[in-house]
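Okay, structure first, notes after.
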Amino acid sequence: MNTAPTQAETLEEKRARLQEKSAEIIAIADTEANSALRCIHLLSVAGGATESTYTAIERRIVADQDTYGAYHLALLAQGTSDLPVDARQLITMVVEKGDNEQLLALLKNLPLPPVEPIKARILASNDGEAIGKMNAYLQINPEGYGSNINIASGQTDRIVPLSPGK
26 MNTAPTQAET
36 LEEKRARLQE
46 KSAEIIAIAD
56 TEANSALRCI
66 HLLSVAGGAT
76 ESTYTAIERR
86 IVADQDTYGA
96 YHLALLAQGT
106 SDLPVDARQL
116 ITMVVEKGDN
126 EQLLALLKNL
136 PLPPVEPIKA
146 RILASNDGEA
156 IGKMNAYLQI
166 NPEGYGSNIN
176 IASGQTDRIV
186 PLSPGK
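Written out as structure tokens, the structure is:
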């Protein structure tokens with residue numbers, strides 16, 4: 026007798042596991058302040074989640090005004106077009122409230138970053154090191170195109186998430 030699971034059973038098991046993990050992540054996001062990064066990590070380890078999981082994480086980020094969570098969820102959302110996340114809202118949060126390291130990471134990791142607002146925030150900080158890093162990056166990339174854009178192929182609207190570099 027063949028006891029190996031069928032493909033449909035395997036898919037059902039995976040779906041059930043993702044539903045269970047999603048419920049755990051939503052519970053954390055709904056009840057624990059400043060838990061967005063933990064939730065994003067759990068989501069990554071699980072290999073996916075339900076739409077409501079992403080929405081719960083976004084709610085947590087907004088409630089906490091968590092620029093670190095906003096940065097990471099924005100990169101996820103930019104890399105996956107069908108996520109129910111408002112990446113523009115998250116990017117705006119980072120641009121308006123993030124630290125210089127986050128601003129530089131946005132500049133480098135989003136193919137089409139909001140260059141002028143980022144420049145203005147970094148310049149206003151009077152942080153010589155951050156200003157130097159920004160100027161060095163913009164000198165070799167004056168248009169501010171992120172590191173993973175392919176203008177020649179016409180894929181100017183696809184944003185691929187990259188790990189923030191130091």
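In this note's numbering, the protein residues as written are 26 to 191.
Backbone N, C-alpha and C define an ideal beta-carbon position, used for all residues, glycine too.
Candidates the options: closest to residue i by CA position
i, options, result
"Ser60", "Glu38, Gln44, Gln90, Ser77", "Gln90"
"Lys133", "Ala155, Asn151, Ser150, Lys122", "Ala155"
"Ala48", "Thr92, Asp107, Ile82", "Ile82"
"Ile53", "Glu121, Arg85, Val120, Glu126", "Arg85"
"Glu45", "Thr75, Leu36, Ser69, Glu57", "Thr75"
"Tyr162", "Ser69, Val110, Ile143, Thr78", "Ile143"
"Gly123", "Val110, Ala112, Thr92", "Thr92"
"Glu8", "Glu126, Pro167, Gly157, Pro109", "With the chain represented from 26 up to 191, any question about residue 8 goes unanswered, as that position is not in the structure."
"Pro139", "Thr35, Asp111, Gly153, Val120", "Val120"
"Lys39", "Gly73, Ser69, Thr56, Glu57", "Gly73"
"Ser77", "Asn160, Val110, Gln114, Gly153", "Val110"
"Glu126", "Ser150, Ala41, Glu57", "Ser150"
Beta-carbon proximity of residue i to residue j, cut-off 8 Å
i, j, result
"Leu137", "Tyr96", "no"
"Leu43", "Ala71", "yes"
"Leu62", "Ile50", "no"
"Ala99", "Ile116", "yes"
"Gly94", "Ile65", "yes"
"Arg146", "Leu135", "no"
Residue range of the unbroken alpha helix (DSSP H) whose run includes residue i
i, result
"Pro142", "140-150"
"Ser77", "76-89"
"Asn160", "153-165"
"Thr105", "From DSSP, Thr105 is part of no alpha helix (DSSP H); its letter is neither H nor E."
"Glu126", "125-134"
"Glu57", "Per DSSP, Glu57 belongs to no alpha helix (DSSP H) and is neither H nor E."
"Glu121", "112-122"
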